[in-house]
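Here's the structure we're looking at; comments come further down.
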Amino acid sequence: MNTDLVPPWQSSKSTQALEVQRYALIELAHLTLAARMTLFDEVVSSDYCWPLIDDADQPHLKREGPWLLEMPHINLVKLQRLEGITCALHGWIESPLNGGELASDLAPAMVVESPQKQRSLLRFYLPSVITQLYKDALDNPANALFKGISGWWYRDEASGWAMLKGKTSPTHLAPWQLSVSEACWKSLHGDPEVMQLAAELVELSPSLFKGICVCERPRQVAKALIQADDHGLITTNDRRAFTYVQLSEGDDAWVSAERLDLLQRATSGEATLVDLLAIHSQQATPC
3 MNTDLVPPWQ SSKSTQALEV QRYALIELAH LTLAARMTLF DEVVSSDYCW
53 PLIDDADQPH LKREGPWLLE MPHINLVKLQ RLEGITCALH GWIESPLNGG
103 ELASDLAPAM VVESPQKQRS LLRFYLPSVI TQLYKDALDN PANALFKGIS
153 GWWYRDEASG WAMLKGKTSP THLAPWQLSV SEACWKSLHG DPEVMQLAAE
203 LVELSPSLFK GICVCERPRQ VAKALIQADD HGLITTNDRR AFTYVQLSEG
253 DDAWVSAERL DLLQRATSGE ATLVDLLAIH SQQATPC
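Quick note on the working numbering: the sequence shown kicks off at 3 and runs consecutively.
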């Protein structure tokens, strides 16, 4: 069995006070259609899985979104064989609540509200997001996300599985709304430039991200933009062109003397990077 899919339960102290159930939180969008069918036909029965979004007006959110699954240990081997499961499995939750109650308690976190009453959908279960919400919950009584949870296991990029200790309330929560501070709101929505450029490139040239999972795409764009900063590119068009070339050609895209010269000329304001690249390409093409 792929142990990377399972936290080190034996090191957890979250089970000492109350008997808990363990639930997998899986986002179906990362699974192929065949993998989804296998998941619900062979890995977990319909009585032990609950969608966090069940809106008749938005069926795609239920079809592609997050589900809570009470996973029999014996079926973990089948789980790890599902195509796309590494990206689809976002965490494991330990809770004294039954699955239906826990799913109902977690569902409000799918929408986050700012102090100005702005609202947006939130993939609260992503590791980079759940850790921010955990810090927010320490001082924010309006954040009830961890009240029915004994432990929330997420993947830390550096150290593997890590646990956030919950408040272990054995009772089902009353209806609540995830409201956060202005600073937390801005932090949760990420770098606007990264998210916008990633969305543009996915739409205009999806082949750039072939073989790259959805959760990795913004990181690839952010990495390229950091390098654009290092080269002194400041205009939106230049940064977009730099990122496109970086993603299409790889880490060596800008190491040649000719390319470095183009970057210097673009930063000096001689011409846009797109125009300089086009001229260089024409000159390099034999007649």
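Just so you know, even glycine gets a beta-carbon here, dropped at the ideal spot from N, CA and C.
Among residues of its own chain, excluding the 5 on either side of P10, which ones have a beta-carbon nearer than 7 Å to its beta-carbon? Mapped onto the sequence shown, residue 10 falls at position 8. Same-chain partners within the cutoff: W163.
Nearest to A109 by alpha carbon, out of V204, W69 and E260? In the sequence shown, the residue the question calls residue 109 occupies position 107. Checked all of V204, W69 and E260; the closest Cα to A109 is W69.
Does the beta-carbon of C51 have 16 or more other beta-carbons within 10 angstroms, so that it is buried, or is it exposed? What you label residue 51 is simply residue 49 of the sequence shown in a count that begins at 1. The residue is buried, with at least 16 neighbouring Cβ atoms inside 10 Å.
heavy atom of the ligand ADP below 7 Å from A36 C-beta: Absent from the structure shown: the ligand ADP. Ligands present: none.
Assign I76 to one of two classes, buried (16 or more other C-beta atoms within 10 Å of its C-beta) or exposed (fewer than that). For the purposes of this step, residue 76 is taken as residue 74 along the sequence shown, with counting starting at 1. Exposed is the call here.
Taking P351 as part of the beta strand (DSSP E), name the residues at either end of that continuous run. The structure shown has nothing for residue 351, since the chain only spans 3 to 289.
From T269 to L104, what distance separates their C-alpha atoms? The count along the sequence shown starts at 1 and reaches residue 269 at position 267. The count along the sequence shown starts at 1 and reaches residue 104 at position 102. For T269 and L104, the distance between alpha carbons rounds to 53 Å.
Bridge partners for A185 per DSSP, in chain order? Translated into the one-based positions of the sequence shown, residue 185 becomes position 183. BP columns for A185 are empty, so no partner.
Look at A26 and G86 and say whether their C-beta atoms are less than 8 Å apart. Along the sequence shown, read from residue 1 onward, the residue named residue 26 stands at position 24. Along the sequence shown, read from residue 1 onward, the residue named residue 86 stands at position 84. Not in contact: A26 and G86 (Cβ atoms no closer than 8 Å).
CB-CB length for A226 against L249, believed under 8 Å: Here residue 226 corresponds to residue number 224 of the sequence shown, with the count starting at 1. Here residue 249 corresponds to residue number 247 of the sequence shown, with the count starting at 1. The pair is a contact, with the Cβ atoms about 6 Å apart (cut-off 8 Å).
Note down, in chain order, each residue of its chain lying with its Cβ closer than 6 Å to the Cβ of S16, except the 5 sequence neighbours on either side. Here residue 16 refers to the residue found at position 14 of the sequence shown. A caution first: S16 carries a pLDDT of 48, below 50, which makes its placement in the model unreliable, though a value can still be read off. Hits under 6 Å: E96, S152 and G153.
Below 8 Å, how does it come out for the stretch 125-138 and the stretch 193-212: are there three or more Cβ pairs, yes or no? no
Would you mind reading off the limits of the alpha helix (DSSP H) that contains K137? As a working note, residue 137 is residue 135 in the sequence shown. Looking at the DSSP string, the run of the alpha helix (DSSP H) that includes K137 is P129 to D141.
In this structure, how does DSSP classify W178 when only helix, strand and coil are distinguished? Start at 1 with the first residue of the sequence shown, and residue 178 comes out as number 176. Note: W178 maps to coil in three-state DSSP.
Tell me the residue span of the beta strand (DSSP E) that contains I28. Taking the sequence shown and counting its residues from 1, the one referred to as residue 28 is at position 26. Segment Q23 to E29, the beta strand (DSSP E) holding I28.
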